[in-house]
Every structure is written in structure tokens, then in C-alpha cells.
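Engineer: All residue numbers for the sequence shown refer to our numbering, where the first residue is 330 and numbers rise by one.
Glycine is no exception: its CB is placed at the ideal position from the N, C-alpha and C atoms.
Keep in mind it's a predicted model, so treat the numbers as computed, not measured.
Would you mind keeping the following structure in view while I ask a few things?
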Amino acid sequence: MMNQYDKVYGCLLAAAIGDAMGCPLETRTVSLIKRDFGNGEFVYDYMIPLPDSIAYDMPRAYVTDDFSCAYLSGKYFAADHGRITRRAAIDALLEWKNSEDTRIFYERYCGPSTRRGLEQLEGKKMDTSRDYLLCNNRTATNGGGMKGWIVGLFDPGNVDKAIDDALVMCQITHYNPIALSGAAAVAAAVAQAMVKGARLDEVLEAGLYGAGEGYRRAQRFAQPSAGASVEKRMDLAIQIGLKYANDFEKCVVEMTDLIVSGLNANESIPCAFGYLAAGGADVMRTIYMAVNSGNDSDTTAIMAGAMAGALRGSSGISSNHVETLKEANPFIDFEGFADEICRVTN
330 MMNQYDKVYG CLLAAAIGDA MGCPLETRTV SLIKRDFGNG EFVYDYMIPL PDSIAYDMPR
390 AYVTDDFSCA YLSGKYFAAD HGRITRRAAI DALLEWKNSE DTRIFYERYC GPSTRRGLEQ
450 LEGKKMDTSR DYLLCNNRTA TNGGGMKGWI VGLFDPGNVD KAIDDALVMC QITHYNPIAL
510 SGAAAVAAAV AQAMVKGARL DEVLEAGLYG AGEGYRRAQR FAQPSAGASV EKRMDLAIQI
570 GLKYANDFEK CVVEMTDLIV SGLNANESIP CAFGYLAAGG ADVMRTIYMA VNSGNDSDTT
630 AIMAGAMAGA LRGSSGISSN HVETLKEANP FIDFEGFADE ICRVTN
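The structure is reproduced here in C-alpha cells:
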């Protein structure tokens, strides 16, 4: 049976692979991915970004803001003995934005909610013309789930703490219940996946609990937002994933048509859970489905990969993908970071 290190290491690898593999395909539809990258077929490897993509002229297999932000945040949490604090989360975000090593990720990829949150932290002049509105529905995006999975590694088996920690980490940039519901769902699922002998159904149930409970807890302090329930859309996505688990194409098409792998928290986060359900014991199949969804494919795939990798460990992850990933991203110390997390959580 796999140990804690293998689960942490598997989570980090699978998350980064999903991010890097999904990046060049971002914004495209399923059919355009097949046409432009797969010669009519689905994609199962890292692609070179095309001139009409967000990642144009970036290296093949390079991670994005998704993994780099989660990674640096996790480094700050590990340095603080595994505690998830607002101060550590803010310091990590500011270093990520301004450091020479990671600034490129902010400049090229940073989403609207995270960008606005960082500008507020730095005291920059903001557009306040819409601040009178009770509900801010424009920030109900997936940037919380994008990075919130990392806290699950620091709360192995403690789903409720993972929910609270995700809210602490992610409210800085995503101050509304829908976005925080999604962040809590992914963090809770990873925390449950870290349990020795955890089952897929337990991880899915933890994610659903995290979405519902995260929403309820966030309602106590965050600015209201109107939108579909992350929890209920997750439930539907899981049903789709289980129904079409043995039909890759049907699963991807149904998921993208009905759930959508988009920027909103109630789209890509449910999608990630649907692909986790469909992938079952196969980490790479989970990632491949998420990657081929297109739209916000890197974020969908990083979340699906993180959950699958924490549940199944590193043994089912393609060694070729790992080798290419490490060569393209030498600034990421996967083994060393996994050791750090294990040290502060034991």
C-alpha cells in the first residue's frame, strides 16, 4: 500500500502534468483540439502552443499560473510548519506576482479575480464604479480551486480543517461563496484522498461535502454572489462521469456540453470531479479527459490531476510525462517539496 510521501508526490506530479498539458489547449473546443493538435484524435501528450493561444512562445510542458501559484503558496505554508495563515497566503501571492522567477506566470496567465485581488493588496487605484452592488458575480471564478487543492496536502484526513484552510487561503482573491465553495470542494477531496486506503467514493463524497459546507461557511463573511450551486453541478458531473466511464469521447463531450470546463467555479470544478469519477483508478485517463475538454483546460486538469494523484499515488503516472515535465520546469523541486510537506504533517 502506498505511503504518505507517494500520495503527496503523486498529487504534485499529476497536478503539474494536468496544468502543463492543458495549457496549450486552453480556450479551444473539443473539436478544435482534435483538428489543431490531434490530427482528428484526442491529445495524450504535451503540445507546443500555437500562435493563437494564450501560451504562444512559452516552452512545451511548461506549467502556468495555476501550478506555480499553488506551489509557491505551499512552500510558504511548509515554511510556517504547515499552518495555513492569511499572512503566508498573502506573502506567497505577492512574491509570485513580483519575483523575477515567477512574474511571467502573473503577466501571461493571471485571471481577473486574482489580478484584482493582488492589485488591492498592493494598494493600487481600483475601479470602484460597481462597488455599490450587493452581489459581485464577476469574481465567482475558479482561481480558488486552481490553488486551493494544495491545502489538502497539509490536512491529510481532516476534511473540515481543509475546508476552513481553503477559505483562509482563497478569500484573499475570491471573496464570494461560489468561488470559495469550489476551493473548499477540491481541498476537501485532496485531504480525504490522502487517507491511507481511501476509496474513490469517499473522495467524491468529501468533495461534495466540501462544496456544500464551504458555501455555507463562506456565506457568513463573503460578499454574496448569484450563480448555480457548485455542489449540485458536481453531483450532476459525477453522474455523467460514472455513466460514461468506459466511453472517453462520450464522457468528454457530455461533460463539456452540460457542465462546461469554463472559467466559472461552478463549471470547471464540477467538471474536474466528473473526470475523477470517470477515471477511476487511472490517474492519466483522468488527466487526459480533463485536458481534452478545452476551454479552461489547464485549470480543470490541474484539479482533476491533484485529486487523482493524491488518491492513487505516483505509480500510475507516465514516466515519460514526468521526465519531460521536470526538464521543462527545473525551478520545481517535486521530491524536495513532497519531503517538506510530509515533514510538517507528521
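For ILE362, which residues from the same chain have a beta carbon less than 7 Å from its beta carbon, with the 5 sequence-adjacent residues on both sides left out?
Structural biologist: Taken in chain order, the residues that qualify are LEU354, VAL372, ASN621, GLY623.
Engineer: Here's the rule I'm using: 16 or more other beta-carbon atoms within 10 Å means buried, otherwise exposed. How should GLN500 be labelled?
Structural biologist: Burial call: buried.
Engineer: Would TYR375 and ALA349 qualify as a contact pair, given that the criterion is a beta-carbon distance under 8 Å?
Structural biologist: A contact, by the Cβ cut-off of 8 Å.
Engineer: DSSP beta-bridge partners for ASN465?
Structural biologist: DSSP output for ASN465 lists no bridge partner at all.
Engineer: Please name the residue in SER382, CYS340, ASP335, LYS336 whose C-alpha comes closest to that of GLY351.
Structural biologist: When only C-alpha atoms are compared, the closest one is SER382.
Engineer: Have a look at the DSSP bridge pairing and note the partners of THR470.
Structural biologist: Answer is ASN593, bridged to THR470.
Engineer: Is it a yes or a no for the segment 405-418 touching the segment 426-441, going by three-plus beta-carbon pairs under 8 Å?
Structural biologist: No, the segment 405-418 does not touch the segment 426-441.
Engineer: Comparing alpha-carbon positions, which option in GLU560, TYR438, LEU496, ASN505 lies nearest ASN465?
Structural biologist: Among GLU560, TYR438, LEU496, ASN505, the Cα nearest to that of ASN465 is on ASN505.
Engineer: Since GLY474 contacts GLY511 with CB under 8 Å, what's their CB separation in whole angstroms?
Structural biologist: Contact holds; Cβ gap of about 4 Å.
Engineer: Scan the segment 356-420 and note each continuous alpha helix (DSSP H) run of 4 residues or more that stays entirely inside, going in chain order.
Structural biologist: The qualifying runs are 359-365, 394-408.
Engineer: Out of curiosity, what's the CA-to-CA distance linking GLY570 and ASN595?
Structural biologist: Approximately 16 Å between the Cα atoms of the pair.
Engineer: Just list the beta strand (DSSP E) runs in the segment 496-536, keeping only unbroken ones of 3 residues or longer that don't cross its boundaries, in chain order.
Structural biologist: Listed in chain order, there is nothing to give.
Engineer: Is ALA343 closer than 8 Å to GLY609 when the C-beta atoms are compared?
Structural biologist: Cβ distance not < 8 Å, so GLY609 and ALA343 don't count as in contact.
Engineer: Please work out which residues of its chain come closer than 7 Å, Cβ to Cβ, to GLU583, disregarding the five sequence neighbours upstream and downstream, and give them in chain order.
Structural biologist: Contacts found: ILE569, TYR573.
Engineer: Would you grab the beta carbon distance between ILE492 and ALA513 for me? Rounded to a whole angstrom, and I think it's under 8 Å.
Structural biologist: About 4 Å separates the two Cβ atoms, so the contact holds.
Engineer: First and last residue of the alpha helix (DSSP H) that includes ALA557?
Structural biologist: Segment: none, ALA557 is in no alpha helix (DSSP H) and carries neither H nor E.
Engineer: For the pair the segment 527-545 and the segment 596-615, tell me if three or more CB-CB distances fall below 8 Å.
Structural biologist: Cβ pair count under 8 Å is three or more, so yes.
Engineer: Between GLU664 and the rest of its own chain, which residues show a CB-CB distance below 8 Å, the 5 nearest in sequence each way excluded?
Structural biologist: For GLU664, where only same-chain residues beyond five positions count, the Cβ hits under 8 Å are TYR338.
Engineer: ILE346 to CYS340, Cα distance in whole Å?
Structural biologist: Computed Cα separation, rounded: 10 Å.
Engineer: CB TYR391 to CB ALA657, shorter than 8 Å?
Structural biologist: A contact, by the Cβ cut-off of 8 Å.
Engineer: Measuring straight from C-alpha to C-alpha, what distance separates ASN593 and SER644?
Structural biologist: Rounded to whole angstroms, ASN593 to SER644 spans 32 Å at the Cα level.
Engineer: Going residue by residue through the segment 563-637, where are the continuous alpha helix (DSSP H) segments of at least 4 residues, counting only ones entirely within it?
Structural biologist: Listed in chain order, they are 577-587, 594-608, 612-620.
Engineer: Of the residues GLY543, VAL581, ILE598, which one's Cα is nearest the Cα of ASP564?
Structural biologist: If we check each option's Cα against that of ASP564, ILE598 comes out closest.
Engineer: Using only the alpha-carbon positions, how far apart do VAL673 and LYS404 sit?
Structural biologist: Distance between the alpha carbons of VAL673 and LYS404 is about 11 Å.
Engineer: So is PRO378 buried or exposed if we call it buried at 16+ other beta carbons inside 10 Å?
Structural biologist: PRO378 comes out buried.
Engineer: So, at 6 Å on beta carbons, what are the nonlocal neighbours of ASN368 in its own chain, with the 5 sequence-adjacent residues on each side left out?
Structural biologist: Excluding positions up to five away in sequence, the list is empty.
Engineer: Do you know how far the Cα of GLY536 is from the Cα of ALA630?
Structural biologist: Whole-angstrom Cα-Cα distance: 16 Å.
Engineer: Please tell me whether, using a cut-off of 7 Å, the distance from the CB of ALA574 to the nearest non-hydrogen atom of the ligand MN is below it.
Structural biologist: This structure lacks the ligand MN; in fact it carries no ligand of any kind.
Engineer: Please state if the CB of TRP425 and the CB of SER442 are separated by a distance shorter than 8 Å.
Structural biologist: No.
Engineer: Which two residues bound the contiguous alpha helix (DSSP H) that contains ASP348?
Structural biologist: 333-351 is the span of the alpha helix (DSSP H), which, as asked, contains ASP348.
Engineer: How long is the line joining the alpha carbons of GLU448 and ASP395, rounded to whole angstroms?
Structural biologist: In a straight line, the C-alpha of GLU448 is about 18 Å away from that of ASP395.
Engineer: Which of the three DSSP states, helix, strand or coil, is assigned to GLY486?
Structural biologist: GLY486 falls in the coil class under three-state DSSP.
Engineer: Based on Cα-Cα distance, which residue from VAL515, TYR544, GLY638, LEU450 lies nearest to ARG416?
Structural biologist: The shortest C-alpha separation from ARG416 is found at LEU450.
Engineer: Count the other C-beta atoms from every protein chain shown that fall within 10 angstroms of the C-beta of LEU401, then say buried if there are 16 or more, exposed otherwise.
Structural biologist: Counting Cβ neighbours within 10 Å, LEU401 comes out buried, since at least 16 surround it.
Engineer: Out of curiosity, what's the CA-to-CA distance linking LYS579 and SER360?
Structural biologist: Distance between the alpha carbons of LYS579 and SER360: 13 Å.
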